Amino acid sequence: MESPALVKIFDTTLRDGEQSPGAAMTMEEKFLVAEQLVHLNVDIIEAGFPAASPGDFVAVKEIARRTKGSAIAGLARASVSDIDATWEAVRDAERPVIHVFLATSDIHLQYRLKLSREEALQQVTAMVAYAHSLCPTIEFSAEDATRSDWEYLCCILEAAIKAGATTVNIPDTVGYSMPSEYAALFQYVSEHVAGVEDVTMSAHCHDDLGMATANTLAAIKAGARQVEVTINGLGERAGNTAMEEVVMALRTRPDAFEHIDTRIRAEEFLVSSQLVSRITGMPVQPNKAIIGANAFAHEARMHQDGILKHRLTYEIMTPQSVGWKDTRIALGKHSGRHGLDARLRQLGYHLTAIQLKAAYVRFMALADTKKHITDDDLIYIVESGKETPSAI
Ligand code: KIV
Ligand code: ZN
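Under this note's numbering, read the sequence shown as residues 4 to 395, first letter to last.
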């Protein structure tokens, strides 16, 4: 059987993720995350922005020296000093990558960088060529690509490829794009940039309008073969594309994505998510796809009944495939007798129909006063057989 086409996973939890307010990590914490990213089998770890601070430089250098298995990238502005610092930081990696970026939208060129389009073009050409003289693998990112003039963007990307870029990234820096537009931009670049067929096109999205995953998947359909993602969707402002969402969309809907896959070990998602959340102090919302506490929990009577009869009624992937032990039958005021019985059996209580009916009445009385019914509550309900504990 032919093996599926692969999309490379470029993880930027340690760079764009760390740019999230309040998410700063110590060097040892970054190293723990990098090790977990290797367990996940990510292709490229963007370890940081070496020119941003001495601490970042040391962290990237240590990760590059100690991490085996994934390529290690460092981010650099399009300047000699940034590229030198980045090369010094990543050069000891098994597979080093220098990631050079410059904004290409008129908004950024005019107001922030004070560069003409022609000056920016020359800077990209010179700096990508310089980076390539140091390191064989170069990614070039056209920051704010989605708000750039498409024709000009293509000139820039073509110049970057000629100068030695091996990956060209087309970021939706401010999360502005709609999926159909983002796909159309990738299509346009494929058709208008000479040499693009010999390099990897990469997608990098932010979630300002909640479109990051949809945009990333649209880009894959339009030819992107690298996606830039973070664990838990951590990242600037509303965050970056969540790795777990993209990987599981491809795995769960191979029919929708021409069987394109990644090399990711999805069973490591929950552990990775909990590690990043613990280290950064940024909690994961309970209803977050894949790794939220409620992602595989069922409270409503009808859903519990369905799940207990056949898992496929309300689950499109198994909890085990992403690292959870099992489906969770959550008990609350919406739960039915079947759900209660199933949980009691898991706790070792096999009640007769009459006992269950009585226990259910006591359970509902408690559920009306309490948001979460714990196992201790259930044990109390069965053991006491008469009273319910006071509401919390
Ligand atoms: O969002 C963005 O444009 C970036 C680039 C530096 C790749 O993070
Ligand atoms: Zn970004």
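C-beta atoms are modelled at their ideal positions from N, C-alpha and C, and glycine is treated no differently. It should be emphasised that the depicted structure is a prediction, and the values quoted were computed from it without experimental measurement.
Terminal residues of the continuous beta strand (DSSP E) containing Arg80? Start and end: Ala74 to Arg80.
Are there three or more Cβ pairs, one per stretch, closer than 8 Å when the stretch 134-145 is compared with the stretch 164-184? With the cut-off at 8 Å, the stretch 134-145 and the stretch 164-184 touch.
Buried or exposed (CB count within 10 angstroms, at least 16 for buried), Asp378: Burial call: exposed.
Residue span of the alpha helix (DSSP H) that contains Ile86, given as start and end: Boundaries of the alpha helix (DSSP H) around Ile86: Val83 to Val93.
Three or more beta-carbon pairs under 8 Å between the stretch 147-166 and the stretch 90-109, yes or no? Between the stretch 147-166 and the stretch 90-109 there are three or more inter-stretch CB-CB distances shorter than 8 Å, so the stretches are counted as touching.
Rounded to whole angstroms, what is the Cα-Cα separation between Ala222 and Asp201? For Ala222 and Asp201, the gap between their C-alpha atoms comes out near 17 Å.
Can you say whether Val385 is buried or exposed, counting buried as having 16 or more other CB atoms within 10 angstroms of its CB? By the neighbour-count rule (16 or more Cβ atoms within 10 Å), Val385 is buried.
Can Lys336 and Ala370 be called in contact, C-beta distance under 8 Å? Yes, these two residues count as a Cβ contact at 8 Å.
For His207, which residues of its own chain have a beta-carbon under 6 Å away from its beta-carbon, when the five flanking residues on both sides are left out? Result list for His207: Asn172, Pro174 and Glu231, in chain order.
Within 10 angstroms of the Cβ of Asp344, are there 16 or more other Cβ atoms? Answer buried if so, exposed if not. Label assigned to Asp344: buried.
Cβ of Asp19 within 7 Å of any heavy atom in ligand 2? Because some heavy atom of ligand 2 lies under 7 Å away, the Cβ of Asp19 counts as near it: yes.
Is the distance from the Cβ of Asn243 to the Cβ of Thr89 below 8 Å? With contacts defined by Cβ atoms closer than 8 Å, Asn243 and Thr89 do not form a contacting pair.
Between the CA atoms of Val199 and Val192 - distance to the nearest angstrom: Each residue's CA atom was taken as its position, placing Val192 and Val199 some 8 Å apart.
Does the Cβ-Cβ distance between Leu78 and Phe52 come in under 8 Å? In contact: Leu78 and Phe52 (Cβ atoms closer than 8 Å).
Taking Gln307 as part of the alpha helix (DSSP H), name the residues at either end of that continuous run. In the DSSP annotation of this structure, the continuous segment of the alpha helix (DSSP H) that includes Gln307 starts and ends at Arg304 to Lys312.
Could you give the DSSP three-state label for Leu40: helix, strand or coil? Note: Leu40 maps to helix in three-state DSSP.
Can you tell me where the alpha helix (DSSP H) with Gln277 in it begins and where it stops? Element bounds for Gln277: Phe272 to Thr283.
Could you tell me the alpha carbon to alpha carbon distance between Ser393 and Asp329, rounded to whole angstroms? Residue placement at Ser393 is poorly supported in this model, since its pLDDT is 41, which falls under 50; the coordinates still yield a value, given next. In a straight line, the C-alpha of Ser393 is about 30 Å away from that of Asp329.
Determine the direct distance from the alpha carbon of Ala62 to that of Met28, and round the result to whole angstroms. Taking the straight line from one Cα to the other gives about 10 Å.
Compute the Euclidean distance between the alpha carbons of Val45 and Ala362, then round it to the nearest angstrom. Rounded to the nearest angstrom, the two C-alpha atoms are 49 Å apart.
With distances taken Cα to Cα, identify the nearest neighbour of Leu35 among Glu49, Ser275 and Arg228. Ser275 is the residue among Glu49, Ser275 and Arg228 whose C-alpha sits nearest the C-alpha of Leu35.
Compute every distance between the C-beta of His306 and the non-hydrogen atoms of ligand 2, then say whether any falls below 7 Å. Because no heavy atom of ligand 2 lies under 7 Å away, the Cβ of His306 does not count as near it: no.
Nearest-angstrom Cα distance between Leu9 and Ala162? Near 26 Å, if we compare the C-alpha coordinates of Ala162 and Leu9.
Whole angstroms are fine: how far does the CA of Lys33 sit from the CA of Ala50? Cα-Cα distance, rounded: 8 Å.
Could you tell me whether the Cβ atoms of Ala7 and Ile267 are closer together than 8 Å? It is Pro, not Ala, that sits at residue 7 in the sequence shown. Judged by their CB atoms, Pro7 and Ile267 are not nearer to each other than the 8 Å cut-off.
According to the neighbour-count rule (16 or more other Cβ atoms, all chains shown, within 10 Å of its Cβ), is Glu390 buried or exposed? Confidence is the limiting factor: at Glu390 the pLDDT is only 47, short of 50, which leaves the residue's position unreliable, though a coordinate-based value still follows. Counting Cβ neighbours within 10 Å, Glu390 comes out exposed, since fewer than 16 surround it.
Asn243: beta carbon under 7 Å from a heavy atom of ligand 2? Yes, Cβ of Asn243 sits closer than 7 Å to a heavy atom of ligand 2.
Rounded to the nearest angstrom, how far is the Cβ of Ile47 from that of Ala74, given a contact under 8 Å? About 4 Å separates the Cβ atoms of Ile47 and Ala74, confirming a contact at the 8 Å cut-off.
May I ask you to check if the CB of Phe104 is nearer than 7 Å to at least one heavy atom of ligand 1? Checking the Cβ of Phe104 against ligand 1 gives yes.
Please check the pair Asp211 and Gly167, which I expect to be a contact at CB under 8 Å, by giving their CB distance rounded to whole angstroms. About 32 Å separates the two Cβ atoms, so there is no contact after all.
For ligand 1, is there a heavy atom less than 7 Å away from the beta-carbon of Leu78? Yes, Cβ of Leu78 sits closer than 7 Å to a heavy atom of ligand 1.
For a quick check, are the C-beta atoms of Arg304 and Ser338 less than 8 Å apart? Taking 8 Å as the cut-off, the Cβ atoms of Arg304 and Ser338 count as close.
Is it true that the CB of Ser56 sits closer than 8 Å to the CB of Glu239? No; because the gap between Cβ atoms is not below 8 Å, this pair is not in contact.
Pro53 beta carbon near ligand 1 (any heavy atom closer than 7 Å): At a cut-off of 7 Å, the beta-carbon of Pro53 does not count as near ligand 1: no heavy atom of the ligand is closer than that.
C-alpha distance - Ser387 paired with Asn235, whole-angstrom precision: In this structure, the straight-line span from the alpha carbon of Ser387 to that of Asn235 is close to 42 Å.
Pro322: CB within 7 Å of a non-hydrogen atom of ligand 2: Look at Pro322: its beta carbon is at least 7 Å from all of the heavy atoms in ligand 2.
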